[in-house]
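Going letter by letter, the sequence shown gives residues 3 to 427 in the numbering used here.
Below is one structure, written out as structure tokens; the observations come after it.
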Amino acid sequence: MITRRKMLLSSATALLTGSVSLLLGRKQLDAAGTQTTTMPSPITPATYNLPYTPVITLNGSTLPWKWDNGVKVFHLIAEPVRREFAPGMVVNCWGYNGQTPGPTIEAMEGDRVRILVTNKLAEHTTVHWHGLLLPNGMDGVGGLNQLHIKPGETYAYEFTLRQHGTQMYHPHADEMVQMAMGMEGFFIIHPREPEQPRIDRDFCIFLQEWFVEPGTFTPNPNIMTDFNLFTFNSRVFPGTAPLVVRMGDRVRIRVANLSMDSHPIHLHGYNFRITGTDGGRIPLTGQWPETTVNVPPGTTRDVEFVANAPGDWALHCHKNHHVMNAMSHTVPNMIGVKQKGVEQKIQNLLPDYMAMGESGMSEMATMKMPLPGNTLPMMSGDGPFGPVEMGGMFTVLKVREGITSYDDPGWYQYPRGTVAWRVAE
Ligand SMILES: [Cu+2]
3 MITRRKMLLS
13 SATALLTGSV
23 SLLLGRKQLD
33 AAGTQTTTMP
43 SPITPATYNL
53 PYTPVITLNG
63 STLPWKWDNG
73 VKVFHLIAEP
83 VRREFAPGMV
93 VNCWGYNGQT
103 PGPTIEAMEG
113 DRVRILVTNK
123 LAEHTTVHWH
133 GLLLPNGMDG
143 VGGLNQLHIK
153 PGETYAYEFT
163 LRQHGTQMYH
173 PHADEMVQMA
183 MGMEGFFIIH
193 PREPEQPRID
203 RDFCIFLQEW
213 FVEPGTFTPN
223 PNIMTDFNLF
233 TFNSRVFPGT
243 APLVVRMGDR
253 VRIRVANLSM
263 DSHPIHLHGY
273 NFRITGTDGG
283 RIPLTGQWPE
293 TTVNVPPGTT
303 RDVEFVANAP
313 GDWALHCHKN
323 HHVMNAMSHT
333 VPNMIGVKQK
343 GVEQKIQNLL
353 PDYMAMGESG
363 MSEMATMKMP
373 LPGNTLPMMS
383 GDGPFGPVEM
393 GGMFTVLKVR
403 EGITSYDDPG
413 WYQYPRGTVA
423 WRVAE
């Protein structure tokens, strides 16, 4: 009883503190949930006459570059960003160029790259190029390899890309805070020799976890284990973009993790092969089939498959709490506890109280509970058959026949007689 009262009081407090959320200017956010007004348009092979299939950073973008005497010049701006995790919740993060994860850096093996880093944070930073083979002085560990980049300063990193694969960039300064606030991004290097067979759809998903106290806006980087929001590219379901592919496409999904936990990412409807890590491509003979790829902290994993089964297939982290949005950890376990008659008595004291959890938690998906401001329901996504009862690290692989664009095609139209049916008793 004490536990329940504690939960009720804490949510009442959250209700009071959360009311300021309406003051946020949601209009400034674009469809991908970023605040920036300078989101670059998608880079296509035509944009730069690219010899490779560019990657798709879901709910994100790729960093444009300029040529300078044979050097590809990129410009990262480290800065605070406001990120919409899903409609109804905006989080005060840190990132690059108005985004978290920062825009994907994409280049080719053999390229000479110069990356300018301007620090618009209120504290110093650096950028480390995770997994890249480069001169020691370019490795970006503040204090060890270079001076810290102070607020207002710009540093240049320059090196030649001597490998290909899925790498990352992130700060090596104020270690505990800066990544937990969202500072991270993909660094994709395409091989000099075109890949055989060719990849048609190449997706990038960055994993992160956060603790945002319900009713507040800023992640608490002091949390070590007890996170309450789990994101694909700093979005939670239903804010996560689907992966749209055409039947027959060869698909690669690249997953990166700089959070405090491993995330076993599971795809329905397919066997895929694990084809690469941040250490490089796995030789064909070393690749093995899986349906779940575990992505430990500080690594990337590439998986590939041919999209030969049409439908809407779930793609999600298989740690069950990681497909939930912020839930109060003080929720008492009421499964199997008879609450009949108690609800009314408690409501005399706390009018908003709802007796719940007796037969399970699925009622959370449809019940309209009063929530603190800037807080998402624990599970809120809807599908064509009703509530999906998940949030967090969840999205959908949409495989379609005969589509002419990769825009969201809506829900799968099931052929007659192919959906599980209720049996009359
Ligand atoms: Cu997870």
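Glycine included, C-beta positions come from ideal geometry on N, C-alpha and C.
Quick caveat: nothing in here was measured; it's all calculated off a predicted structure.
Please return the same chain residues whose Cβ sits closer than 8 Å to the Cβ of residue i, not counting the five positions on each side in sequence.
{"i": "residue 292", "result": "273, 274, 275, 276 and 305"}
{"i": "residue 57", "result": "64, 106, 108, 188, 190, 204, 205, 206 and 256"}
{"i": "residue 196", "result": "53 and 54"}
{"i": "residue 143", "result": "128, 130 and 174"}
{"i": "residue 290", "result": "275 and 276"}
So what does DSSP say about residue i, is it helix, strand or coil?
{"i": "residue 166", "result": "coil"}
{"i": "residue 272", "result": "coil"}
{"i": "residue 1", "result": "Only positions 3 to 427 of the chain appear in this structure, which leaves residue 1 out of reach."}
{"i": "residue 420", "result": "coil"}
{"i": "residue 156", "result": "strand"}
{"i": "residue 177", "result": "helix"}
{"i": "residue 50", "result": "helix"}
{"i": "residue 318", "result": "strand"}
{"i": "residue 286", "result": "helix"}
{"i": "residue 77", "result": "strand"}
{"i": "residue 129", "result": "coil"}
{"i": "residue 1", "result": "Past the edges of the chain, shown from 3 to 427, lies residue 1, and the structure says nothing about it."}
{"i": "residue 323", "result": "helix"}
{"i": "residue 388", "result": "strand"}
{"i": "residue 183", "result": "coil"}
{"i": "residue 278", "result": "strand"}
{"i": "residue 147", "result": "coil"}
{"i": "residue 395", "result": "coil"}
{"i": "residue 313", "result": "strand"}
{"i": "residue 376", "result": "coil"}
{"i": "residue 71", "result": "coil"}
{"i": "residue 138", "result": "helix"}
{"i": "residue 55", "result": "coil"}
{"i": "residue 381", "result": "coil"}
{"i": "residue 86", "result": "strand"}
So, at 7 Å on beta carbons, what are the nonlocal neighbours of residue i in its own chain, with the 5 sequence-adjacent residues on each side left out?
{"i": "residue 377", "result": "20, 91, 216, 217 and 328"}
{"i": "residue 139", "result": "147 and 148"}
{"i": "residue 180", "result": "96, 127 and 173"}
{"i": "residue 219", "result": "92, 93, 94 and 376"}
{"i": "residue 124", "result": "153"}
Please work out which residues of its chain come closer than 6 Å, Cβ to Cβ, to residue i, disregarding the five sequence neighbours upstream and downstream, and give them in chain order.
{"i": "residue 162", "result": "114"}
{"i": "residue 99", "result": "79 and 105"}
{"i": "residue 399", "result": "245, 315 and 317"}
{"i": "residue 311", "result": "271"}
{"i": "residue 55", "result": "201 and 204"}
{"i": "residue 82", "result": "96"}
{"i": "residue 77", "result": "118"}
I'd like to know whether the C-beta atoms of residue i and residue j end up nearer to each other than 8 Å.
{"i": "residue 103", "j": "residue 236", "result": "yes"}
{"i": "residue 186", "j": "residue 172", "result": "yes"}
{"i": "residue 223", "j": "residue 183", "result": "yes"}
{"i": "residue 232", "j": "residue 320", "result": "no"}
{"i": "residue 267", "j": "residue 297", "result": "yes"}
{"i": "residue 59", "j": "residue 188", "result": "yes"}
{"i": "residue 428", "j": "residue 240", "result": "The displayed coordinates of the chain run from 3 to 427. Any statement about residue 428 would go beyond what the structure contains."}
{"i": "residue 402", "j": "residue 411", "result": "yes"}
{"i": "residue 280", "j": "residue 301", "result": "yes"}
{"i": "residue 326", "j": "residue 388", "result": "no"}
{"i": "residue 405", "j": "residue 254", "result": "no"}
{"i": "residue 209", "j": "residue 265", "result": "yes"}
{"i": "residue 397", "j": "residue 229", "result": "no"}
With 16 as the cutoff for other CB atoms within 10 Å, does residue i come out buried or exposed?
{"i": "residue 243", "result": "buried"}
{"i": "residue 101", "result": "buried"}
{"i": "residue 416", "result": "exposed"}
{"i": "residue 285", "result": "exposed"}
{"i": "residue 259", "result": "buried"}
{"i": "residue 213", "result": "buried"}
{"i": "residue 413", "result": "exposed"}
{"i": "residue 380", "result": "buried"}
{"i": "residue 65", "result": "buried"}
{"i": "residue 278", "result": "buried"}
{"i": "residue 134", "result": "buried"}
{"i": "residue 156", "result": "exposed"}
{"i": "residue 226", "result": "exposed"}
{"i": "residue 137", "result": "exposed"}
{"i": "residue 68", "result": "exposed"}
{"i": "residue 51", "result": "exposed"}
{"i": "residue 121", "result": "buried"}
* Quick one: complete beta strand (DSSP E) runs, 3+ long, within the stretch 93-127? -> 107-110 and 114-121
* To do: Return the chain-ordered ranges of every beta strand (DSSP E) run that is complete within the stretch 189-272 and spans a minimum of 3 residues.
  => List check, beta strand (DSSP E) in window: 203-212, 231-234, 245-248, 252-259 and 265-269.
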